[in-house]
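What follows is a short report on a single structure.
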């Protein structure tokens with residue numbers, strides 16, 4: 001094979017065993033890599049397992065774009081059965097670990113079992129060791145990575161967990177490079193349950209490529225196109241932080257646990273404020289449009305910001321000072337917690353206190369930075385009743401309090417940075433995302449706002465009007481095929497295309513230069529649909545067939561309450577119309593009215609092996 005090694009490094013921590021598994025070329029071609037390879041492994045190997053037990057499999061998967069000079073191709077997927085949702089969980093991060101993994105001669109690592117004492121994995125090409133991490137256990141991710149680089153040299157890739165992962169916080173993440181995180185649905189907790197503190201990788205091999213000269217030529221052309229894009233200078237200044245102003249103007253900025261869509265102090269936490277505070281920029285490997293804007297926080301320490309962090313730990317908590325928001329962000333990164341779910345969990349506590357459902361004096365109120373900071377640390381260590389409670393995530397907190405009217409999650413994963421009272425397409429994207437309420441797979445809200453009808457013949461301002469047209473379902477699927485499919489399988493960053501306008505046509509051409517396989521767009525869309533259907537089948541199987549369309553509903557709040565301020569005050573989603581849009585989505589995907597792929601759809605996608613297993617838990621149409 002060219003472009004793939006066809007090799008998976010297997011690690012059994014219970015028995016202290018390491019071996020290499022070769023996987024078929026057909027699997028590489030059908031699932032491409034990254035999320036595709038991870039979903040295939042989990043379907044076959046993580047059946048009805050306890051997410052925090054030894055039988056769960058933790059997968060670190062790369063794709064054909066990794067370790068090679070491809071535009072923003074420095075990503076890695078981390079996947080496992082999720083302790084937060086109980087379904088399929090994954091996330092991607094930019095890290096030198098993906099470069100070194102590929103250069104070490106592997107497409108993925110699969111970790112199973114459970115070590116008796118803390119360990120870390122050291123991989124140097126074919127030499128793989130399971131080493132003691134007792135001296136690192138308890139340390140934050142920043143110090144852990146620094147210590148490991150002192151031991152193994154700077155030219156390595158490091159993936160690690162912090163105290164949150166060690167203490168099994170359900171939304172703990174895997175961290176790299178002091179600000180890169182993966183696995184919102186608790187991949188860090190899975191790593192912690194295995195007593196695996198870190199993975200250190202050093203690779204020196206040359207990756208087999210079909211046409212190296214063509215790859216070099218296409219990559220250079222794509223890199224130049226990025227640099228010459230009119231959008232590039234502003235992107236360099238603000239990165240994703242530009243979204244604070246934009247979401248606030250369009251009543252989509254999460255404010256005080258998503259009670260409203262605009263924040264009175266938005267100007268104090270936006271991209272312009274960040275520009276004045278910025279001290280440096282960080283990027284992922286092979287990226288020439290870095291998005292990691294580093295500022296000095298209120299405690300004089302470096303914190304790497306992006307939009308999601310600031311929306312969920314800023315306006316969503318009612319905190320309007322960017323240097324304070326930056327402290328919360330740094331704590332989350334160092335402790336190894338997902339910033340989005342942390343913001344969702346703290347906001348839920350704040351509103352529960354406001355409603356009198358929580359009477360604990362330690363619980364912060366909206367706008368209380370000091371108590372929010374203390375709670376963040378208590379969550380990471382599961383300290384005290386409140387810290388332990390919030391470490392469980394919003395879904396479980398709501399179940400315990402017996403009130404889910406203000407629980408902002410889908411399938412157990414907290415909602416990321418877009419408030420959808422008036423945006424049914426984005427609500428559908430959250431509802432049908434393969435991991436729960438995440439924007440990564442179909443950031444459709446920009447299109448939804450941009451294509452809104454103009455109200456009034458001579459309207460100076462575009463008045464947004466809520467519509468539930470079938471084209472919205474089609475657009476969500478189109479974006480899921482690209483963002484949640486193509487980019488997650490390659491594995492590459494979507495930002496050059498989304499933010500800078502890099503032509504999508506580069507991607508199949510680069511893939512062909514790397515692998516020698518000519519993929520048409522139909523082939524790539526089919527591969528994406530295959531992975532989506534397989535992940536959905538995984539959810540259905542793991543839930544024992546107890547699946548219905550309400551699993552694909554956004555939070556109740558967006559149906560039952562209205563926006564509290566702004567030009568769209570009082571407006572909210574219509575449950576019946578959303579339901580119609582969801583049915584349209586299922587129809588287009590070839591899924592039944594419960595949201596389960598039909599038998600003929602599975603067979604058409606080459607997923608025949610899924611049918612008998614699913615039929616053991618539910619009746620397929």
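In full-length UniProt numbering, the protein residues as written are 1 to 621.
All C-beta atoms, glycine included, are put in the ideal place defined by N, C-alpha and C.
| query | result |
| --- | --- |
| Would you report the Cα separation of residue 373 and residue 289, rounded to the nearest angstrom? | 32 angstroms |
| Would you decide whether residue 405 is buried or exposed? Buried here means 16 or more other CB atoms lie within 10 Å of its CB. | exposed |
| Run the CB neighbour count on residue 13, radius 10 Å, all protein chains shown included, and call it buried at 16 or more, exposed below. | buried |
| Contact between the stretch 167-176 and the stretch 88-95: three or more CB pairs below 8 angstroms? | yes |
| Tell me the rounded alpha-carbon separation between residue 581 and residue 540. | 21 angstroms |
| Would you kindly work out how many angstroms separate the C-alpha atoms of residue 40 and residue 534, rounded to a whole number? | 8 angstroms |
| Classify residue 234: buried if its beta carbon has 16 or more other beta carbons within 10 angstroms, exposed otherwise. | exposed |
| So which of 333, 418 and 341 has the shortest CA-CA distance to residue 140? | 333 |
| For the beta strand (DSSP E) that residue 507 lies in, which residues bound it at each end? | No beta strand (DSSP E) holds residue 507; the alpha helix (DSSP H) holding it covers 506-515. |
| Take residue 18 and list the residues in its own chain whose beta-carbon comes closer than 6 angstroms to its own, dropping the five residues that flank it on each side. | 11 and 128 |
| Taking the alpha carbon of residue 423 as the reference point, which residue from 440, 476 and 245 has its own alpha carbon closest? | 476 |
| To the nearest angstrom, report how far apart residue 84 and residue 415 are at their CA atoms. | 13 angstroms |
| Take residue 449 and list the residues in its own chain whose beta-carbon comes closer than 7 angstroms to its own, dropping the five residues that flank it on each side. | 250 and 464 |
| How many Å lie between residue 565 and residue 137 at the Cα? | 47 angstroms |
| Which of the three DSSP states is assigned to residue 147 in this structure? | helix |
| Taking 8 angstroms as the limit between beta carbons, can you name the residues of its chain near residue 279, skipping five residues before and five after? | 294, 295, 296 and 302 |
| Only counting runs of 4 or more residues, tell me where the alpha helix (DSSP H) segments fall wholly within the stretch 160-202, in order along the chain. | 163-166 and 187-193 |
| Could you check if residue 265 belongs to the surroundings of the ligand MG, using beta carbon to heavy atom distance under 6 angstroms? | As far as ligands go, the structure on display features none, and thus does not contain the ligand MG. |
| Between 45, 65, 64 and 398, which lies nearest to residue 56 when the distance is taken from Cα to Cα? | 45 |
| So what's residue 455 in DSSP terms, helix, strand or just coil? | For residue 455, the predicted model reports a pLDDT of 40, less than 50, meaning its position is unreliable and no value from the coordinates is stated. |
| What is the DSSP secondary structure of residue 114, reduced to helix, strand or coil? | coil |
| Nearest-angstrom Cα distance between residue 221 and residue 169? | 44 angstroms |
| Near residue 231, what residues of its chain come up, given a Cβ to Cβ distance below 8 angstroms and the 5 sequence neighbours on each side ignored? | 499, 500 and 501 |
| Between which two residues does the alpha helix (DSSP H) holding residue 341 run? | 339-354 |
| Terminal residues of the continuous alpha helix (DSSP H) containing residue 123? | No alpha helix (DSSP H) contains residue 123, which is instead part of the beta strand (DSSP E) from 119-124. |
| For residue 389, count neighbouring Cβ atoms within 10 angstroms of its own Cβ and tell me buried if that reaches 16, exposed if not. | buried |
| How close, in whole Å, do the beta carbons of residue 410 and residue 430 come, if the pair is a contact with beta carbons under 8 angstroms? | 5 angstroms |
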